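Accompanying notes for the structure given below.
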Amino acid sequence: MARPVTLFTGQWADLPLEDLCKKAVEFGYDGLELACWGDHFEVRQALEDDTYCSRKRDLLEKHGLQLFSISNHLVGQAVLDRIDERHQAILPDYVWGDGDPDGVNQRASDEMKNTARAAQRLGVEVVNGFTGSSIWHLIYDFPPTPPSMIDAGFDLLAERWNPILDVFQECGVKFGLEVHPTEIAFDIYSAERSLQALDNREEFGFNFDP
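According to the working numbering, the sequence shown is numbered sequentially starting from 1308.
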């Protein structure tokens, strides 16, 4: 059987999911990877409404579309990032809150835990997304950056993401980081460092975005 080709819905989040389903079929896709923004997949709704996940499944099945994963890039970005006013535009109001950076980091972490729980309810085993990075601003190495500052960034990855990944483990769900500029892993070397920082735990891997 050929590998299914699915469409990530994040770039289409301004469209109602019903409309995007129709377009995806016209485009020839086998399925969708639902973004956790717009009306495509709402984490809170999935946990509070017992019919929400089944209705999403029914909608995709009506159009003959498969579902293997969901993605929560925008909230994941706020777990490790040094928060500033730019983040308000990409976060749900209840994650942004009053905009206090420490509070945003914590609420983003809590939302990623809930994303794993929502994925379990939906019946998918993979959540793709971003981690953010507390050290991306150091990529241009002047003034010279001591190794200890980079080490601290990977230590923070372990501190903030291990508790999130514990919930992923409980739910039987894996997190796939999309290696990307502004993330803790943006190339092969930093991806390897990320795996080491998290002790190569099975719940953490990578989403290949060619």
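All C-beta atoms in this analysis are idealised placements derived from N, C-alpha and C, irrespective of residue type, glycine included.
Nothing here was measured: the structure is a model prediction, and the numbers come from that model.
N1514 places its beta carbon less than 8 Å from that of L1484.
Assignment of F1437 by DSSP, reduced to helix, strand and coil, places it in the coil class.
Between C1343 and S1376, the C-beta gap is not smaller than 8 Å, which leaves the two residues out of contact. The C-beta of G1317 has 16 or more other C-beta atoms within 10 Å across all chains shown, which makes the residue buried. For L1314 against E1349, the beta-carbon gap comes to about 19 Å, at or over 8 Å, which does not count as contact. Using a 10 angstroms sphere on the CB of R1310, the tally of other CB atoms stays under 16, which defines it as exposed.
In this structure, the straight-line span from the alpha carbon of K1329 to that of D1337 is close to 12 Å. With a cutoff of 8 Å on beta-carbon distance, G1479 and E1432 are scored as near each other.
D1356 has its alpha-carbon roughly 16 Å from the corresponding atom of L1366. Taking A1425 as reference, the option from S1455, V1474 and E1499 with the minimal CA-CA separation is V1474. Separation of the CB atoms of R1414 and V1402 is rounded to 5 Å, and the pair is thereby assigned contact status at 8 Å.
Nearest neighbour of L1372 by Cα position, chosen from E1477, A1331, G1430 and E1510, turns out to be A1331. Ranked by Cα distance from H1370, the first of D1516, N1507 and E1333 is E1333. Going by C-alpha positions, L1387 is about 17 Å away from Q1503.
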